[in-house]
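Residue numbers (the UniProt record's numbering): 1 to 423. Reading through the structure tokens given below for one structure.
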Amino acid sequence: MTLISKIETPACGCESGTGLVSIDQALSLITSAAGVIHDVERLPLAAAKGRVLAEPVVALAPSPPFDNAAMDGYAVDTRTLVGPGPWRLEVRDRILAGMKGDRTLKAGEAARIFTGAPVPPGADAVVMQEDIDRTGSGILLCRRPRPGMHVRRTGEDLARGAKVLPVGRRLDAPALAAAAAAGLATVAVRRRVRVALLTGGDEVRQPGQELAPGEIWDVNSFMLSAAVETPAAQLVEVAHVGDDPADLEHLLGRVSRSADLVITVGGISVGSADRVKPTIAKLAGPPVFSGVAIKPGKPVSFGRIGSAFWLGLPGNPVSAFITWELFGRWLVAHLAGEAQPGRPRSHVVTASPLRHRPGRCELRPARIVGQDGTGRDIADCSQETRSAVVSALAEAHGAVLIHSDVESVAEGSLLEFVPFISE
1 MTLISKIETP ACGCESGTGL VSIDQALSLI TSAAGVIHDV ERLPLAAAKG
51 RVLAEPVVAL APSPPFDNAA MDGYAVDTRT LVGPGPWRLE VRDRILAGMK
101 GDRTLKAGEA ARIFTGAPVP PGADAVVMQE DIDRTGSGIL LCRRPRPGMH
151 VRRTGEDLAR GAKVLPVGRR LDAPALAAAA AAGLATVAVR RRVRVALLTG
201 GDEVRQPGQE LAPGEIWDVN SFMLSAAVET PAAQLVEVAH VGDDPADLEH
251 LLGRVSRSAD LVITVGGISV GSADRVKPTI AKLAGPPVFS GVAIKPGKPV
301 SFGRIGSAFW LGLPGNPVSA FITWELFGRW LVAHLAGEAQ PGRPRSHVVT
351 ASPLRHRPGR CELRPARIVG QDGTGRDIAD CSQETRSAVV SALAEAHGAV
401 LIHSDVESVA EGSLLEFVPF ISE
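Here it is as structure tokens:
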């Protein structure tokens with residue numbers, strides 16, 4: 001029996017009659033339509049964190065480059081240990097990490113050795129210091145060590161010429177360690193995705209400004225700027241435009257010439273004041289998709305504008321953030337050439353019963369509040385998702401995914417969990 005099955009969301013298209021696509025369909029359409037950026041840069045390892053490899057990493061030399069001690073102890077030659085033991089060996093040398101250790105060990109001798117130090121010629125094992133008795137200037141072995149014990153052999157980790165990291169690997173800490181172990185000082189990576197972020201609305205004011213009736217402070221540009229700017233993505237412009245369609249058309253036309261990806265926030269629903277989709281259609285034709293069967297974030301859309309790709313996020317902050325986490329991060333990772341752009345999903349246990357109205361998949365911001373008796377994370381979330389309640393995002397570690405055909409979720413049930421990523 002498999003406790004956690006493959007995570008898919010095909011049932012999220014319950015509103016297929018309305019032209020909405022499912023989460024998985026939307027991700028597939030993004031992957032099919034969006035091409036990888038081919039421009040390549042060569043960076044020193046210290047500057048390559050979070051970038052995506054454009055060329056494989058190949059080991060320039062074996063790692064480790066010489067036989068060395070895996071722990072502190074004594075280097076010995078097991079071939080010279082005659083009889084059943086115990087054996088007394090005279091300690092003739094002391095070898096630290098960074099020393100040559102080139103004096104050949106003779107029969108009846110041992111060398112004091114420390115972790116990482118080269119194993120001297122003639123030695124074929126290292127005995128832990130805890131497993132010997134000191135006798136004056138020598139040591140006493142009571143048990144026969146096996147050949148190769150506690151010795152890291154040349155090339156044991158990486159052979160010269162071995163392919164260490166593939167094209168499309170994101171350079172996180174373990175990958176950078178592997179590149180360094182392979183002897184590389186620089187790596188070839190895709191250039192950063194150039195992103196333009198556009199928010200809109202005559203009613204929006206900057207935080208700290210006095211608000212007139214009907215006005216709100218700008219939340220989305222600060223939230224999404226922080227989310228979008230990563231080692232793989234560079235914000236080349238953050239702009240706000242009012243409700244004048246001509247201003248919007250001019251701005252979209254301009255930024256689409258300098259950005260790889262244009263993100264708009266708001267203006268993509270069906271109201272007469274929602275200007276973004278009609279303007280995109282005028283400039284570039286119909287989108288790849290317009291609307292996903294999820295709550296919140298139903299209006300999220302994707303297409304092209306000029307030479308750039310376009311991602312339209314809803315205007316309510318919770319909707320904007322969740323659709324960015326689901327689709328925006330995937331899109332940027334794909335454009336950056338990441339071989340596996342998907343995020344890790346898992347399962348969590350619900351802290352309390354949940355109600356749900358069938359029809360669309362719902363993502364509810366959730367906090368991890370502990371673990372159950374089997375070590376599974378317990379997630380706590382509200383009974384509904386309100387798109388404008390920003391405080392729910394500030395407290396959340398991610399979102400639980402409730403499938404479209406579910407009416408209720410019992411306490412202790414397993415739900416899919418999409419973690420929010422902070423880079």
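Note that beta-carbon positions come from the ideal geometry of N, C-alpha and C, so glycine has one too. The model shown is predicted, which means the values in this text are computed figures rather than measured ones.
Own chain partners of residue i with C-beta closer than 7 Å, once the 5 adjacent residues on each side are dropped
| i | result |
| --- | --- |
| S16 | For S16, the pLDDT reaches just 45, beneath the cut-off of 50, and the residue's location in the model is therefore unreliable, although a value from the coordinates is still provided. No residues qualify anywhere along the chain. |
| G148 | D124 and A125 |
| L165 | L53, P56, V57, A175, A178 and A179 |
| D274 | G267 and I268 |
CB contact flag (residue i, residue j, <9 Å)
| i | j | result |
| --- | --- | --- |
| F114 | L96 | yes |
| L141 | V127 | yes |
| Q329 | P341 | At residue 329 the sequence reads Arg, which differs from the Gln that was named. Yes; because the gap between Cβ atoms is below 9 Å, this pair is in contact. |
| E416 | R357 | no |
| residue 436 | P365 | Residue 436 falls outside the range modelled here, since the chain spans only 1 to 423, and no answer is possible. |
| A110 | G83 | no |
| A307 | S256 | Inspection of the sequence shows that residue 307 is occupied by Ser rather than by Ala. Yes, these two residues count as a Cβ contact at 9 Å. |
| E407 | T350 | no |
| A293 | S404 | yes |
| G85 | R146 | no |
| A185 | E41 | no |
| A33 | F309 | yes |
| I263 | V228 | yes |
Secondary structure of residue i, DSSP reduced to three states
| i | result |
| --- | --- |
| Q129 | helix |
| P44 | strand |
| L3 | Low confidence applies here, because L3 scores a pLDDT of 33, under 50, leaving its location unreliable and the question unanswered by this model. |
| P278 | helix |
| Q383 | coil |
| T374 | coil |
| G328 | helix |
| residue 430 | With the chain represented from 1 up to 423, any question about residue 430 goes unanswered, as that position is not in the structure. |
| E203 | coil |
| I421 | coil |
| L313 | strand |
| F222 | helix |
| A396 | coil |
| S319 | helix |
| H240 | strand |
| S32 | helix |
| T115 | coil |
| I268 | coil |
| T78 | helix |
| S63 | strand |
| C352 | The identity of residue 352 in the sequence shown is Ser, whereas the question assumes Cys. In the structure shown, S352 sits in coil (DSSP, three-state: anything other than H, G, I, E or B). |
| S290 | strand |
Cut-off 8 Å between Cβ atoms - residues of its own chain near residue i, not counting five sequence neighbours on either side
| i | result |
| --- | --- |
| S225 | L197, L235 and V238 |
| G50 | R170, L171, D172, T230, P231, A232 and E423 |
| R205 | L211, E215, I216, W217 and D218 |
| T2 | Confidence is the limiting factor: at T2 the pLDDT is only 33, short of 50, which leaves the residue's position unreliable, though a coordinate-based value still follows. For T2, where only same-chain residues beyond five positions count, there are no Cβ hits under 8 Å. |
| D67 | P118, V119, V151, R152, R153 and T154 |
| K277 | G267, I268, P287, S290, S301 and G312 |
| G168 | V52, L53, G337, E338, A339 and Q340 |
| A159 | A59 and P62 |
Residues near residue i in its chain [Cβ-Cβ closer than 6 Å; skip 5 each side]
| i | result |
| --- | --- |
| G200 | V241, G266 and G267 |
| K295 | R360 and E362 |
| L29 | V288 and F289 |
| R190 | I37, V52, A54, A336 and G337 |
| S352 | E411 |
Proximity to residue i [Cα-Cα], best of the options
| i | options | result |
| --- | --- | --- |
| R152 | I263, P145, G168 and A117 | A117 |
| G161 | G412, V58, L20 and A54 | V58 |
| Y74 | E130, A246, V164 and P278 | E130 |
| P286 | G297, D274, A293 and F302 | F302 |
| V400 | E407, V390, A33 and R367 | R367 |
| A396 | T374, F420 and I378 | F420 |
| G312 | A69, G122 and V195 | V195 |
| T323 | G373, N220, M71 and V193 | N220 |
| R376 | L354, L414 and V390 | L414 |
| L331 | A26, L20, G19 and P207 | A26 |
With 16 other Cβ atoms within 10 Å as the buried cut-off, status of residue i
| i | result |
| --- | --- |
| K282 | exposed |
| A333 | buried |
| K298 | buried |
| K163 | exposed |
| D247 | exposed |
| D260 | buried |
| T31 | exposed |
| D77 | buried |
| V348 | buried |
| P314 | buried |
| A379 | buried |
| G35 | exposed |
| R79 | exposed |
| A107 | exposed |
Beta carbon proximity, residue i to chain C, threshold 9 Å
| i | result |
| --- | --- |
| P353 | The structure shown contains no chain C; it holds only a single protein chain. |
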